[in-house]
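Right, one structure below, let's go through it.
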Amino acid sequence: MKHYIPDHLIEEIRSRSDILEVVSANLILKKSGQNYKGLCPFHSEKTPSFTVSPEKQIYHCFGCGAGGNVFKFIMEMEDLSFLDVVKKLAGKCGVELPNPKSGKSSARQNEREMLLSINEKARAYFVRLLKDDEGGRAAKEYLKSRNFYDENLLAEYGIGWAAPGWKDILIHLQNKEKYSRTDLLRAGLIKQKEGAEEGNCYDRFRGRIMFPFKDIHGSLIAFAGRVIGDDEPKYLNSPETPLYVKGKHLFGLDRAREAIRKQNRVLIMEGYFDQMRARQHGIRNTVATCGTALTPAQATLLKNHTSRTTLIFDSDSAGQAAAERGFGVLLEEGLSVEVLSLPKGHDPDSYIQQFGPEKFLEELKNARPFVESYIINTIESGDISTPAGKMEVVNIVLPLLTRIKNTVERSEWVRVLTERAELDDQAILAELKNAIKQDRNVARPPTKIDERPGKQNPELYIVHLMLADKKLALQVKDELPTDKFEDSNLRQIIELFYQLIDEGCELRVDLAIDRVKEPAIKTLLSKIGIEPIPFDDQERSTNDCIQAINKRSLDLKIEEIKKQRNEALIAGESERSQQLQDQLHELRSTLMPGQIPA
Ligand SMILES: [Zn+2]
467 MKHYIPDHLI EEIRSRSDIL EVVSANLILK KSGQNYKGLC PFHSEKTPSF
517 TVSPEKQIYH CFGCGAGGNV FKFIMEMEDL SFLDVVKKLA GKCGVELPNP
567 KSGKSSARQN EREMLLSINE KARAYFVRLL KDDEGGRAAK EYLKSRNFYD
617 ENLLAEYGIG WAAPGWKDIL IHLQNKEKYS RTDLLRAGLI KQKEGAEEGN
667 CYDRFRGRIM FPFKDIHGSL IAFAGRVIGD DEPKYLNSPE TPLYVKGKHL
717 FGLDRAREAI RKQNRVLIME GYFDQMRARQ HGIRNTVATC GTALTPAQAT
767 LLKNHTSRTT LIFDSDSAGQ AAAERGFGVL LEEGLSVEVL SLPKGHDPDS
817 YIQQFGPEKF LEELKNARPF VESYIINTIE SGDISTPAGK MEVVNIVLPL
867 LTRIKNTVER SEWVRVLTER AELDDQAILA ELKNAIKQDR NVARPPTKID
917 ERPGKQNPEL YIVHLMLADK KLALQVKDEL PTDKFEDSNL RQIIELFYQL
967 IDEGCELRVD LAIDRVKEPA IKTLLSKIGI EPIPFDDQER STNDCIQAIN
1017 KRSLDLKIEE IKKQRNEALI AGESERSQQL QDQLHELRST LMPGQIPA
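In structure tokens:
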């Protein structure tokens, strides 16, 4: 973790803070066996499924999967960064923290604060201008014409107006607020006139409706300005500054994150007005990309809050292209992607205005998996009455299908495509198989997690065993390479455990949780921690599990080679099929009882 507080102090703070005390300050807990239970603060429920273990110093919700240690709980409840939580708890439990060491980092901190304060001052000024009877009239007229003159909404977002003059904000911030030109240039609010001598500056935003752009923590990091006439560009953004990096943030996420988590779904829209309209009508789990293509950094942001995304982009071709790019980015992050197509000519803003939010939510139920909608659209806009037309559809859809790494899911979509496009032509089917085979990905299909941590799920069992006994944990590490684990989540936990062992750390769930980013794994870890299982004979169980995992890994390898051999046989590659047959023979011999390979 990149901060200046040494690990031993973090450990000290952790050990002096009690999760039961911290959680009790926020909700009512009742004792239940070893643990405490209460109504989850992260999702709405009527029967308590939020569980706290004072012994393990962790919490886990069986309803929504929220889970973590004392740091995580405060981060989530109060929307603070890890570092801020550590500082806060340090103050409470009397641990003295060192000052940030290098002057550099504190200078950076100072600059950040200075830029944030400039932005806040600018926002306040823009808001005042919009309210001004004379100065803000044109802007008000424009907002009214778009049905956006809702004072509560405008105040909530801090929407303002930049006057058309050349030095309006410049003079205000310089003379009234006493900021230097250099600082205002750094903040991106003014520009240096090209070729002019130093100091000849003018306002970047002139005659524009101003949208404050906030990061996930609600800090005002940039602005976007929209013209009210026909000028170009329609939207103008702040340049990159020490606060703002393009493509790293999403408009509205600071306000939407709680709803996104509670509903485990995010609606991704295109425009500022779309997002605000949805919010105005109580549809709170929405964010907007605002004219830029969705980036991997944005997908990561979303992934920390949900696994389910729905793209609602304009039905024009630009919108569709943006949706397609967005799909790829979200897919890479392992998020599920649906798409909602609104009737032609509508965006969320116009749709909600015309038909109301209830109808919009009704529409939302028709959101389809992106791939399905892509297949259908391609077929509808193509001509599948001829073999050539069919081939064209296949050629358009195929590249998309090859991006899906999960082979089970992919073959399902191949089936949908062949059915919908009426691909009974054997030649086309063969083409399809070929293309997919060439792109065959080594990624394994996800195995279903067996929730019961018994012998029937040795991978989960072994994680419990490692937590229960240090000596056994070392044995597992010696005897089981991580690639033997089929379940990718458990494999990541095992990788983390091995790493902790290497670093000489204790194997404890509350410690491990800090090292994990992915929500699914956090959830799994806190669940494992809160539900320890009793073992009869830990040593024997460990050996049984190691053996079972080895055997299954070998079985899978044999299956894969068998498949390759059969393919080679069908293709008439006799030499290769013989080689594979020999390999099979060798592998099978290692499966003889008592000869499980290490
Ligand atoms: Zn919950």
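First residue of the sequence shown? That's 467 in my numbering, and the numbers climb one at a time after it.
Using N, Cα and C, we set each Cβ at its ideal position, and we do this for glycine too.
query: Start and end of the beta strand (DSSP E) containing GLU804?; result: 802-805
query: Quick check: is any heavy atom of ligand 1 less than 7 angstroms from the C-beta of GLY855?; result: no
query: Which residues does DSSP pair with LYS503 in a beta bridge?; result: LYS496 and THR517
query: In terms of residue numbering, what span does the beta strand (DSSP E) encompassing LEU966 cover?; result: Counting along the chain, LEU966 falls outside any beta strand (DSSP E), though it belongs to the alpha helix (DSSP H) covering 954-968.
query: Heavy atom of ligand 1 less than 7 angstroms from the Cβ of GLY995, yes or no?; result: no
query: Within the present structure, is the beta-carbon of ALA532 separated from the nearest heavy atom of ligand 1 by less than 7 angstroms?; result: yes
query: One question on the structure: do ARG1018 and GLU952 come within less than 8 angstroms of each other, judged by their Cβ atoms?; result: yes
query: Where does TYR668 sit, in a helix, a strand or coil, going by DSSP?; result: strand
query: So, are the CB atoms of VAL753 and ALA725 less than 8 angstroms apart?; result: no
query: Could you name the residues that DSSP lists as bridge partners for ALA690?; result: PHE677 and ASN703
query: Would you tell me roughly how many angstroms separate the C-alpha atoms of LEU946 and VAL711, rounded to the nearest one?; result: 43 angstroms
query: Taking the Cβ atom as the reference point for each residue, do LYS760 and GLY792 lie within a distance shorter than 8 angstroms?; result: The question names Lys, yet the displayed sequence has Leu at residue 760. It is a contact, given that the beta carbons lie within the stated cut-off.
query: Roughly how many angstroms lie between the CA atoms of GLU858 and GLY848, to the nearest whole one?; result: 8 angstroms
query: Between which two residues does the alpha helix (DSSP H) harbouring GLN1047 extend?; result: 1040-1056
query: CA-CA distance, ILE635 and LEU650?; result: 10 angstroms
query: With a CB to CB cut of under 6 angstroms and the five nearest residues on each side skipped, what residues in its chain are close to PRO919?; result: Low local confidence applies: a pLDDT of 49 at PRO919 is under 50, so the model's placement there is unreliable, with the coordinate-based value given in what follows. Around PRO919: LEU926, TYR927, HIS930 and ILE999.
query: Within 7 angstroms: the Cβ of PHE508 and any heavy atom of ligand 1?; result: yes
query: What do you get for HIS638, buried or exposed, if any count of 16 or more other CB atoms within 10 angstroms of its CB means buried?; result: buried
query: Would you mind reading off the limits of the alpha helix (DSSP H) that contains GLN1004?; result: 1004-1036
query: Examine ligand 1 and report whether any of its heavy atoms sits within less than 7 angstroms of the Cβ of GLY529.; result: yes
query: From SER839 to GLU577, what distance separates their C-alpha atoms?; result: 47 angstroms
query: Taking the straight line between their C-alpha atoms, what separation do you get for ARG745 and GLY822?; result: 13 angstroms
query: Might you give, ordered along the chain, the residues of its own chain that have their beta carbon closer than 8 angstroms to the beta carbon of ALA789, omitting 5 neighbours on each side?; result: LEU777, PHE779, VAL805 and PHE836
query: Shortest alpha-carbon distance to THR707 belongs to which of ALA653, THR758, ASP696 and GLU736?; result: ALA653
query: Starting from TRP879 and walking both ways along the alpha helix (DSSP H), at which residues does that stretch end?; result: 873-886
query: Helix, strand or coil for LEU760, going by three-state DSSP, please let me know.; result: coil
query: Specify the secondary structure class of ASN535 as computed by DSSP and reduced to three states.; result: strand
query: Is ASN832 near THR772, with beta carbons less than 8 angstroms apart?; result: no
query: Is it a yes or a no for the region 674-694 touching the region 593-610, going by three-plus beta-carbon pairs under 8 angstroms?; result: yes
query: Closest Cβ-Cβ distance between LEU702 and chain C: below 8 angstroms?; result: Among the chains in the structure shown there is no chain C, since it carries only a single protein chain.
query: Does the distance from the CB of SER1043 to the CB of ARG1054 come in under 8 angstroms?; result: no
query: Hey, is the region 539-557 in contact with the region 471-480, meaning 3+ C-beta pairs nearer than 8 angstroms?; result: yes
query: Rounded to the nearest angstrom, what separates ALA765 and VAL982 at their Cα positions?; result: 17 angstroms
query: Going by beta-carbon coordinates alone, are LEU938 and ILE959 separated by less than 8 angstroms?; result: no
query: So, is PRO1063 buried or exposed, given that buried needs 16 or more other C-beta atoms within 10 angstroms?; result: Residue placement at PRO1063 cannot be trusted, given a pLDDT of 42 that sits under 50; the coordinates are not used to answer.
query: Starting from VAL942, trace the alpha helix (DSSP H) both ways and give me its first and last residue.; result: 936-945
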